[in-house]
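Residue numbers (my numbering), protein chains in the order written: chain A, 745 to 1061; chain B, 17 to 357.
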Amino acid sequence: MQMRASFAKWRSLHLTFNRDADMNFILEGTINGILMGSIYGLTALGLTVIFGVLKVINFAHGSLIMVSMYVAYWAIIFTGVHPYIALIIVVPVMYFFGYYLQDIIIKPIFKAEKDIREPITVIIVTTGVWYILDNLTLLIFGPQYRSIQNNPLRGKMLEFGDMLISVPKLWGFVTAVITAFAIYWFLQKTRTGRAIRATSLDREAASLMGINQFKIYNIAFGIGTAVVGISAVTLVPFYNIFPSVGVLFDIKGFIIVVLGGLGSIGGAILGGIIIGLIESIAPMFMTATWAEAIVYALFLVVLFVKPSGLFGVKYDW
Amino acid sequence: MTRKNINTSAFILLGFVAFGLPLVLRSPTYLHIIILLYLYAYLTTSWNLVGGFAGVLPLGHSAFIGIGAYASTILSLQYGISPWIGMIAGGLLAAIAGILIGLPTFKMRGAYFALATIAFGEGIRVMVENIDNLGPLKINGPRGLQIPPTHIGFGNFMFAGKEPYYYIILVMLIGVLAFTYFISRSKLGYYLNAGGEEPEAAMSLGVNVARAKLIAMAMSSFLTALAGTFYAQFTLYIHPKSVMSLDFSFEIAFIALIGGRGSIAGPVLGALLLRPVSDFSRIYFGSTLPGLHLVIFGTVLILVMIFQPRGLQEPLSKFYNTLLDRISGQTRQGEVTHEYS
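In C-alpha cells form, the structure reads like this:
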C-alpha cells in the first residue's frame, strides 16, 4: 500500500512530462474502477431484485451486507478455507435470514397496508432494522476493524505490462457477471422466477393466477439477501469488516439502483460500474471527498431527469 | 367542571411545572438533558409540518439545522452580528433552501422523495466538509467552528448558566406548538391534509397541493434553522458531523414517527419518551454497551409501526380523553353523562 501511494505521488508530479506512463495510469484506474464498480453493482443487485418485486426500498440493505460480511468472516476463520468456498455457508444462511426477515417483520406491514401500492411504513421499518442490526453487531462484536489477513487473495496484484490489476477485485468482477446472468436466467426460465416476475408486474393479477403473493415476497427477499451474501464474500478478501461498514454500501446501493433503474439487473451492474469509475478516476483530478459530492450530484440529476434510471421500467411517477 | 375547563387547567398546570422546573431542579446535568429534550421536541414538531402534515418522509432535515447554525455563527464570529439577527437570517436562508429542495422533490413518490432528501442532506454536508473558505466566509470544513464564550449577555445569545437557555428553548417550543396548532386549524392545514391523503381529489377541488407543500416546507425549514442557531449558541461548537449528519435527520424523523406524525402532541410525546432512553443508556451503558439506545430505538420503531402506525399518541390521547370524560362527566361531543354536585 505504501509503495503504491508514493508511486502515485511520483506519477502526479510528472503528470505533464511522462505522457505514456500517464495513459497507463488512467487506464489502470479505469480498469480497477470497472472491477470495483462491478462489485458495487453486485451489492446493489439484491436491492434491485427486492425493489422490483416488493416495490419498496430496503433501507436495511447496508446492514444485510454487513451481516453477510461477518458471517463470511467467521465462516472463513473457523474453517480456514479459501474465501470463495465460504459461499456454501454464506448463501443459504443469508437466504433464510432474508426470507424470515421479510416474513416476520415486513409482511405484517404489507398486510396492514394492502391497498397502498408502495407502503412508506416499510421504509420506516427497514430503517429500524438497519439501526438494530448495526448496533446489535456493535454491542456483540465490538467496534474493531477485522480483516482476513492470511487469505490467498489478499493484496495480490496481476501485472499487465505497466499496470497493476487487483486480483480479488478481478475475482469479484467475474463473480458479479456470473451472478447477474444466473439471476437473469432464474427469473426468465424457472417457474418460480416467472412467478416473481408476474408479481412484480401486477400483484393482484398474479394472485388471481394462483400465485401466493406473500410467499413470493419471502422468496424474493431471500434471493436478494442471498445475492448480498455473495457480494459480501467478494468483498471480504480485501475490505475491512466493522459494524457500520454497511452504511457506505447502503447509500451507494440506492444511488446505483436508481441510476440503473429499479428492478433492472443489467442496470444494477452498469450503475455500479459507473460509480466505480467515478470513484477511481475523479480522485486523479480532485480530492476524494469532492468525488463523493459528484456521486450525490449525479444521483440527484438522475432522480430529477429520469427517475426510472437507465434501464428501468417507466412508472407513473 | 366542564371538560374544557379541566383541559385548560391541565395545560396551565403543565405550564407552571415547565416554567418553575429550573427553580427546583438545580443540577446542570439534568437541566442540560431537559434542554436537549425540549430541543428535540422543537425539532420534531417543526419536522412534523412537512413529515406529518404534508404526508411525505423528509430524511435530510439536519441540513437546515446546519444552515441555521453556520449562518448565525459565521455572522457573529466574522462580522459581530448578534446571533438573534443571525438566527432570522439563517432561517430565511434555510427557507429558501427548503423551497429549492422541495420544488423538484415533491413531484416524486414516497420512497424516491425520501432518497432525494437523503441525497440533498448528505450532499450539503459533504460540500460543507470540503469547503474551507467560501469567498470571505470562513467555514473551516470538517474542523468546524468554535464560539469563544467571551461576550456574555442576552444581546449575544450567550449565558453563563443553563437556566436562560432553558427558558429560551421552552418559549421556542411553546411557540412552535402554538404555531402548529393554528396551522392545523387553518386553510393551509386542511389543504395539506387533503393533499396528503388524496392529492388528485384535492386538486380537482381547486387546491393547489404543490404550493401548500412548498409553503409547509419553507415554514418547517425556517423553524428548524432557528433551532440550529440555538444549538450553536448552546454547545459553542459546530461541525458538519454534529449539525448536519444523516443520523441527526434520522433521529428526528424516528422520534416524530414513534410519537405520531401528523398530530400536534405526537412529536413532543416521542421526544419525551425516547430522549431520556437515549440519554440514560448513554450515561449508564455508554462504555459497556455502546449503541444500546439505538437498538432500543430501532426496536420501538418497528413495534410501533406494526402495531400503532399512527404513533404512540393515539392510544395515549384516547386514554387522556377517557380520563377527561370520567372526571368531567361530559363526552367530547358535549353530552353530559352524569352531574357532579
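From the three backbone atoms N, C-alpha and C, an ideal C-beta is built for every residue, glycine too.
Closer than 7 Å to the CB of Gly-1007(A) there is not a single CB belonging to chain B. By the C-beta criterion, the stretch 120-127 of chain B is judged not to be in contact with the stretch 272-291 of chain B, since fewer than 3 inter-stretch pairs fall below 8 Å. The three-state secondary structure of Ser-98(B), taken from DSSP, is coil.
For Thr-133(B), no CB of chain A lies under 7 Å from its own CB, so it is not counted at the interface with that chain. When DSSP reads this structure, Asn-149(B) sits in a beta bridge with Lys-154(B).
Nearest to Phe-795(A) by C-alpha distance, out of Glu-1036(A), Val-1002(A), Ile-1022(A), is Val-1002(A). For Leu-273(B), a Cβ of chain A is located within less than 7 Å of the residue's own Cβ. Taking a Cβ-Cβ threshold of 9 Å, none of the residues of chain B is close to Trp-818(A); the smallest such distance is about 20 Å.
Interface residue (Cβ-Cβ distance to chain A less than 7 Å): Ala-79(B) is not classified as such. By the C-beta criterion, the stretch 86-102 of chain B is judged not to be in contact with the stretch 296-304 of chain B, since fewer than 3 inter-stretch pairs fall below 8 Å. Beta-bridge pairing by DSSP links Ser-910(A) to Met-901(A). Relative to Ile-868(A), the option among Glu-330(B), Arg-342(B), Tyr-336(B), Val-320(B) whose CA is nearest is Val-320(B). Between Gly-990(A) and Met-780(A), the gap from beta carbon to beta carbon reaches 7 Å or more.
Residues of the stretch 788-821 of chain A whose Cβ lies closer than 7 Å to any Cβ of chain B, in chain order: Val-800, Ile-801.
By the Cβ neighbour-count rule, Met-767(A) is exposed, with fewer than 16 other Cβ atoms within 10 Å of its own.
Rounded to the nearest whole angstrom, the C-alpha separation of Leu-1042(A) and Lys-913(A) is 25 Å.
Under the 7 Å criterion on CB atoms, Ala-926(A) is classed as non-interfacial with respect to chain B.
Between Gly-76(B) and the set Trp-63(B), Gln-346(B), Ala-232(B), the nearest pair of CA atoms involves Trp-63(B).
In the DSSP assignment, the residues bridged to Ile-985(A) are Arg-890(A). With distances taken between CA atoms, Phe-238(B) lies nearest to Gly-84(B) out of Ile-140(B), Gly-177(B), Thr-315(B), Gly-84(B). Using a CB distance below 7 Å, the part of the stretch 1033-1045 of chain A facing chain B consists of Thr-1033, Trp-1034, Glu-1036, Ala-1037, Tyr-1040, Ala-1041, Phe-1043, Leu-1044, ordered along the chain.
One finds nothing in chain A with a Cβ atom closer than 9 Å to the Cβ of Glu-214(B); even the nearest lies about 12 Å away.
Only those residues of the stretch 104-119 of chain B whose C-beta falls short of 8 Å from the nearest C-beta of chain A would be listed, and there are none.
Ser-975(A) is the residue among Leu-902(A), Phe-965(A), Ser-975(A) whose C-alpha sits nearest the C-alpha of Val-815(A). It is roughly 31 Å from the alpha-carbon of Lys-900(A) to the alpha-carbon of Ile-967(A). With a cutoff of 7 Å on beta-carbon distance, Gly-973(A) and Val-834(A) are scored as near each other. In this structure, the beta-carbon distance from Ala-281(B) to Gln-329(B) falls below 7 Å. From the listed residues Gln-162(B), Arg-291(B), Gly-171(B), Val-316(B), the smallest Cα separation to Gly-102(B) is found for Gly-171(B). With a 10 Å radius around the Cβ and a threshold of 16 neighbouring Cβ atoms, Asn-984(A) comes out exposed. Interface flag for Phe-1048(A) against chain B is set, since a Cβ pair is found closer than 7 Å.
Ile-254(B) sits in a strand when the DSSP states are folded into three classes. When C-beta atoms of the stretch 204-224 of chain B are compared with those of the stretch 60-74 of chain B, three or more pairs fall below 8 Å, so the two segments count as touching.
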